[in-house]
Structures are given as structure tokens and as C-alpha cells.
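Asks: Pasting in a structure now, in C-alpha cells, and then I'll have a few things to ask.
Numbering (the numbering used here), first residue to last: 26 to 290.
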């Protein structure tokens, strides 16, 4: 039975987070007996999930410390998690069916970006250099939002975060966004001053837009997975493409609004 638990654990997707506070310290110290005692006080589903997140050596050592009855319960839960919701056990048609709706919806909503560019055509016609920084802003915003959504989805998967933690998650990600945005915008401002020394106003415009874009993207990236979980949608499927669409639209609006204020367009 212990070998079966070990084999099932290998089949699970490798992750890095742990669902119970303090377990990471025990894992680093290789206190297998303490870990098995903690697992015995957890629900079998949660214990199975935690065990599947660990490295192979630790999984096998902890399995050897378990009581036979507890080991059997955890093994059954691991089997259910592997066969019912696993990526490798889901057909290509099912995966495509789950994803195509969001891709089609966001393909249509992508026209919003085009309409925004058309609205502010006079701005980048007056200052063509503004156009060259649009990909950098949208890509940075998309990357920042994807980082936050990935962290929140992983925390949701381990049971650490639920919708009731919405405000705590938002407050944390807003602070992260402010710090990351300040660093990125400062570096970008200095870079633009060095490469385009006669365009300080443009450097200020792009850097301010980048700061606001990163803060906004972090906020949206942390919010969407929680909302998706609340309405029973798969956050892994809808969060990333939806973040890209929303962030692109708002980033462009903020960018050209700031350009109008700073450059007097």
C-alpha cells in the first residue's frame, strides 16, 4: 500500500506551495514523524493534496510513517484526484470545448483595443514615438497580471485562499503592484532618458503609464481567479486571456490620457 501511495504521488502535478502553515518548516527539517502526525489531523482530501505537492523522497518517507488505515484513505483520495480532474486523463475534445468559449469571446472583445487606438489616433499622429512604447506597456501589464493570477490560482488549489479572503488578497497585490511598478517605471524612465535624452516628457509619460498599468494589472490578476471560483468557472482557463484583454484596454486608455496631460495633445 505504501508503494502504491508513492506511485500515485509521482503521477500528481508537481507544485511548490503547501496548504498548511508551518508544514514547510517540517519538510525542510525532514521531520517525517511530525509531518505524519499533522497529516493524521487533516482531512484525507487535504492530506492527499498536500502529499502530492511534495518531492518524491519526502512523500515516500512520510508514507512509511503513516498508519495503514490512514494511508489507505489518502491513497483513495489521491486516486480520485488523479482520475477525475487530471490534465493527462482529460480528452483533447473536452479541453478544447472548455477553452474555446473564452477564446472566441475574447477574440471579439479584442476589437475594443482597435477602437481605442482609433479614438486616440490624433495623439500618436502628433507624436509618432508614442506608438513604439505600446507593446512594452501591454506586455508588461499582461505579465504582471499573469504573475498575480498564477499565485492566486495556486493558493486556491492548495486551499490557502478562498473568496472570503478577497480583500486581503487585493490589499497584498496592490502593495506588490505599487512596489513592482515603482521599480519598473524608475528603471524605464532612466533608460529612456539615456536613449532619448531630448524626450524627457515622453519618458515621464511612458513611465507613469507603466506604473499605473502594473498596479492595475496586479489588482485585476488577483481578482479574476477569485471571482471565477465563486461562479464555478475554471480560473486557469479564463483568467489569463481575460486579464490580457482588460489590461490592454485600460493600459492604452491611461497611456493616452497621460500623454494628453503631459504633452498637451
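Note that CB positions come from ideal geometry on N, CA and C, so glycine has one too.
(1) Considering only the beta carbon of each residue, do residue 277 and residue 138 sit closer than 8 Å?
(2) Taking the alpha helix (DSSP H) that residue 256 belongs to, which residues open and close that run?
(3) Tell me the start and end of each unbroken alpha helix (DSSP H) in the region 109-185 that is at least 4 residues and wholly inside, in chain order.
(4) Let me confirm a value: residue 125 is counted as buried when at least 16 other C-beta atoms fall within 10 Å, else exposed. Which label applies?
(5) Tell me the rounded alpha-carbon separation between residue 254 and residue 223.
(6) Leaving out five residues before and five after residue 180 in sequence, what residues of the same chain have Cβ atoms less than 6 Å from its Cβ?
(7) Look up residue 221 in the DSSP assignment and say whether it is helix, strand or coil.
(8) From the DSSP output, in three-state form, read off residue 202 for me.
(9) Which of helix, strand or coil does DSSP assign to residue 289?
(10) At the level of alpha carbons, what is the spacing between residue 268 and residue 195?
(11) Contact check, residue 167 vs residue 252 under 8 Å by CB: the rounded distance?
(12) Whole angstroms is fine: what's the gap from residue 230's alpha carbon to residue 191's?
(13) Taking just the CA atoms, how far does residue 146 sit from residue 287?
(14) Who are the Cβ neighbours of residue 206 in its own chain at under 6 Å, not counting the five residues just before and after it?
(15) In chain order, what residues of the same chain have a beta carbon less than 8 Å from the beta carbon of residue 210, not counting five sequence neighbours either side?
(16) Exposed or buried, which one is residue 198 when buried takes at least 16 other CB atoms within 10 Å?
(17) Could you pull out every residue in the same chain whose Cβ sits closer than 8 Å to the Cβ of residue 152, ignoring the five residues on either side in sequence?
(18) Check this for me: beta carbons of residue 244 and residue 202, under 8 Å apart or not?
(19) Out of 264, 214 and 132, point me to the one whose CA is closest to residue 247's CA.
(20) Have a look at residue 130 and residue 218 and give me their C-alpha separation to the nearest angstrom.
(21) Could you tell me how far apart the beta carbons of residue 260 and residue 128 are, in whole angstroms, since I believe they sit closer than 8 Å?
(22) How big is the Cα-Cα spacing for residue 120 and residue 141?
(23) Please list, in chain order, all residues of the same chain as residue 169 whose beta carbon is under 6 Å from its beta carbon, the five residues on each side excluded.
(24) Can you tell me whether residue 215 is buried or exposed? The criterion is at least 16 other CB atoms within 10 Å of its CB, across all chains shown.
(25) Just how far apart, CA to CA, sit residue 182 and residue 176?
Replies: The short version:
(1) yes
(2) Where residue 256 is concerned, there is no enclosing alpha helix (DSSP H), given that its DSSP letter is neither H nor E.
(3) 117-134, 136-144, 146-151 and 159-182
(4) exposed
(5) 49 Å
(6) 186
(7) coil
(8) helix
(9) coil
(10) 15 Å
(11) In fact, because the Cβ distance is near 18 Å, the residues do not count as touching under 8 Å.
(12) 32 Å
(13) 17 Å
(14) 236, 239 and 240
(15) 232, 233, 235, 236 and 239
(16) buried
(17) 227, 284, 288 and 290
(18) yes
(19) 264
(20) 40 Å
(21) About 15 Å; that fails the 8 Å criterion.
(22) 33 Å
(23) 239, 242 and 243
(24) exposed
(25) 10 Å
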